[in-house]
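Q: Residues 5 to 304 (the working numbering) are what the sequence shown spells out, left to right. Below is one structure. I have some questions about it.
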Amino acid sequence: MATPADQNVVINPRLGGLALAAGIVGISSAPIFVQLSDIGPTATAVWRMAFALPLLTLWMLLEDRQNHAVRRLTRRDWAIIALAGLLFTGDLMAWHNAIRLSGIANATFLGNLTPLVVTLGAWLILKEKITGGFMAGLFVALGGAGLLIFSSATGETGSPLGDALGVLTALMYGAYLFVIKMLRGALPTGTIMALSGVFSAASLLVAALIMGESLIPATLAGWGILLGIALVSQAGGQALITLAFRHLPASLASTTMLANPVLAAIAGWIILGESLGPLQGAACGVVLAGIAIAQRMSHK
5 MATPADQNVV INPRLGGLAL AAGIVGISSA PIFVQLSDIG PTATAVWRMA FALPLLTLWM
65 LLEDRQNHAV RRLTRRDWAI IALAGLLFTG DLMAWHNAIR LSGIANATFL GNLTPLVVTL
125 GAWLILKEKI TGGFMAGLFV ALGGAGLLIF SSATGETGSP LGDALGVLTA LMYGAYLFVI
185 KMLRGALPTG TIMALSGVFS AASLLVAALI MGESLIPATL AGWGILLGIA LVSQAGGQAL
245 ITLAFRHLPA SLASTTMLAN PVLAAIAGWI ILGESLGPLQ GAACGVVLAG IAIAQRMSHK
């Protein structure tokens with residue numbers, strides 16, 4: 005279905021940087037849509053994927069036409085695509101529920117422990133070296149995560165369950181990005197996003213039905229919210245992030261994504277009035293500092 009062998013992939017850092025910046029803005033809006041949705045968090049994720057699929061499919065077809073060649077997907081391709089789709093399902097379910105339970109700031113800052121997951125995965129699986137500086141940053145970030153969970157346990161904000169789901173989000177999304185990176189030289193972005201999206205949409209639908217969540221919004225505005233999260237956050241944000249990972253080192257792209265929780269928290273405060281408590285705000289700062297230290301020092 006797509007052409008590129010490894011040697012045919014053009015690495016364009018400028019394109020990757022622009023895609024990453026636009027993608028971060030897109031995904032930063034997702035928590036707002038989740039909080040505004042009048043259906044359940046998993047049902048919201050169903051429509052997030054379903055409404056995005058037509059655009060992602062069009063992207064895939066345009067890429068195929070531009071490449072002027074088609075190849076059959078191998079069993080390995082399908083297995084990796086399916087795995088990516090299922091991991092993204094777990095990521096969306098964990099994150100959407102974390103947002104509802106703990107609020108935008110807690111869920112998003114904990115979910116953005118992803119860069120640490122990516123680097124640890126590269127160390128464990130690819131045998132890449134990690135430094136003492138990375139480990140120091142890791143412990144700082146984990147300390148901040150602990151403070152966030154403590155602030156929830158003491159009733160300042162959020163809930164311990166929601167915070168735990170925020171951490172699970174980081175694990176799931178980190179694994180998803182790692183799997184996506186495995187397909188970087190074999191398949192174009194549109195193909196990865198469209199086909200993995202089919203697996204995500206189907207598994208999310210099953211999960212929403214099992215959980216008994218209503219799939220039909222009560223108002224026309226509710227449908228608009230679902231369309232917004234699909235087009236802005238999914239088809240736009242997530243697809244652009246995937247494109248960026250084709251042209252940028254995973255560690256650099258992951259570090260730049262630190263802007264995501266900051267933008268999301270600011271938007272939550274301005275639009276929804278979700279202000280940060282003193283301990284929560286300090287904890288969020290510690291999490292960001294730890295991730296920044298870990299990523300800055302990971303290759304020194």
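By construction, the Cβ of each residue, glycine as well, lies at the ideal position given by its N, Cα and C atoms. Nothing here was measured: the structure is a model prediction, and the numbers come from that model.
State the Cα-Cα distance for the pair Glu-217 and Asp-42, rounded to the nearest angstrom.
A: Cα to Cα, Glu-217 sits roughly 11 Å from Asp-42.
Q: Among Met-97, Thr-61, Lys-185, which one has its Cα closest to the Cα of Leu-209?
A: Ranking the options by Cα distance to Leu-209, first place goes to Met-97.
Q: Do you know how far the Cα of Pro-164 is from the Cα of Gly-201?
A: If you take the alpha carbons of Gly-201 and Pro-164, they lie about 30 Å apart.
Q: Would you tell me roughly how many angstroms separate the C-alpha atoms of Gln-238 and Cys-288, rounded to the nearest one?
A: Each residue's alpha carbon lies about 25 Å from the other.
Q: Taking DSSP as the reference, what is the three-state secondary structure of Lys-131?
A: In this structure, Lys-131 counts as coil in the three-state DSSP scheme.
Q: Quick check: the Cα distance between Asn-264 and Gln-39, rounded to an integer number of angstroms?
A: Straight-line Cα distance between these residues: approximately 17 Å.
Q: My understanding is that Ile-36 touches Leu-276, with C-beta atoms under 8 Å, so please give their C-beta distance in whole angstroms.
A: The pair is a contact, with the Cβ atoms about 7 Å apart (cut-off 8 Å).
Q: Cβ of Met-97 less than 8 Å from any chain B Cβ?
A: The structure shown has no chain B; it contains just one protein chain.
Q: Under 8 Å, with one C-beta from each stretch per pair, do the region 140 to 158 and the region 42 to 51 reach the 3-pair mark?
A: Segments in contact, no.
Q: Determine the DSSP secondary structure at Pro-192, reduced to helix, strand or coil.
A: Correct three-state label for Pro-192: coil.
Q: If the criterion is Cβ atoms closer than 8 Å, does the pair Met-301 and Phe-55 meet it?
A: Contact flag unset, no.
Q: Measure the C-alpha to C-alpha separation of Asn-16 and Phe-249 and round it to an integer number of angstroms.
A: Cα to Cα, Asn-16 sits roughly 11 Å from Phe-249.
Q: Taking Ser-41 as part of the alpha helix (DSSP H), name the residues at either end of that continuous run.
A: Taken as a continuous stretch (DSSP letters only), Ser-41 belongs to no alpha helix (DSSP H), as it is neither H nor E.
Q: Quick check: the Cα distance between Leu-339 and Leu-90, rounded to an integer number of angstroms?
A: With the chain covering 5 to 304 only, the question about residue 339 has no answer from this structure.
Q: Counting only runs that start and end within the region 189 to 261, where is the alpha helix (DSSP H) found for 4 or more residues in a row?
A: Here the runs fully enclosed are 193 to 214, 224 to 232, 243 to 251, 254 to 260.
Q: For Gln-284, is the classification buried or exposed, using 16 other Cβ atoms within 10 angstroms of its Cβ as the cut-off for buried?
A: Burial call: buried.
Q: Is the number of C-beta pairs between the region 166 to 174 and the region 94 to 109 that are closer than 8 Å three or more?
A: Yes: at least three Cβ pairs fall under 8 Å.
Q: Taking the straight line between their C-alpha atoms, what separation do you get for Leu-292 and Leu-130?
A: Taking the straight line joining both Cα atoms gives about 26 Å.
Q: Taking 8 Å as the threshold (C-beta atoms), are Ile-297 and Gly-194 in contact?
A: In this structure, Ile-297 does not lie closer than 8 Å to Gly-194 by Cβ.
Q: Specify, as a first and last residue, the run of the alpha helix (DSSP H) that Arg-76 falls within.
A: Taken as a continuous stretch (DSSP letters only), Arg-76 belongs to no alpha helix (DSSP H), as it is neither H nor E.
Q: Can you give me the Cβ contacts of Ile-108 inside the same chain, cut-off strictly under 8 Å, excluding the 5 residues immediately before and after it?
A: Contacts found: Pro-35, Ile-36, Gln-39, Ala-268, Ala-269, Ala-271, Gly-272, Leu-276, Glu-278.
Q: On a CA-only basis, which of Val-121, Ser-207, Leu-117 is nearest Val-262? Give me that one, please.
A: For clarity, residue 262 is Leu in the given sequence; the question names Val instead. It is Leu-117.
Q: Spatial neighbours of Leu-280 within its chain, please: C-beta separation below 8 Å, excluding the five flanking residues on both sides.
A: If we look at Leu-280 and ignore the five residues flanking it on each side, its Cβ neighbours are Ala-109, Thr-161, Ala-269, Trp-273, Cys-288.
Q: Apart from the five residues on each side of it in sequence, which residues of its chain come closer than 6 Å, Cβ to Cβ, to Leu-219?
A: So the qualifying residues of the chain are Ala-47.
Q: Have a look at Ile-229 and Ala-83 and give me their C-alpha separation to the nearest angstrom.
A: Approximately 32 Å, taken between the alpha carbons.
Q: Alpha carbons only, please: which of Gly-125, Ile-214, Ala-157 is nearest the one belonging to Ile-181?
A: Going by the sequence as given, residue 181 is Leu instead of Ile. It is Gly-125 whose Cα lies nearest to the Cα of Leu-181.
Q: To which residues of the same chain is Ile-85 closer than 6 Å at the C-beta, ignoring the five residues directly before and after it?
A: So the qualifying residues of the chain are Leu-199, Ser-200.
Q: My understanding is that Val-290 touches Val-121, with C-beta atoms under 8 Å, so please give their C-beta distance in whole angstroms.
A: Actually they do not touch by this definition, with Cβ atoms about 18 Å apart.
Q: If I follow the unbroken alpha helix (DSSP H) through Asn-16, where does it start and stop?
A: First-last for Asn-16: undefined, no H or E at that position.
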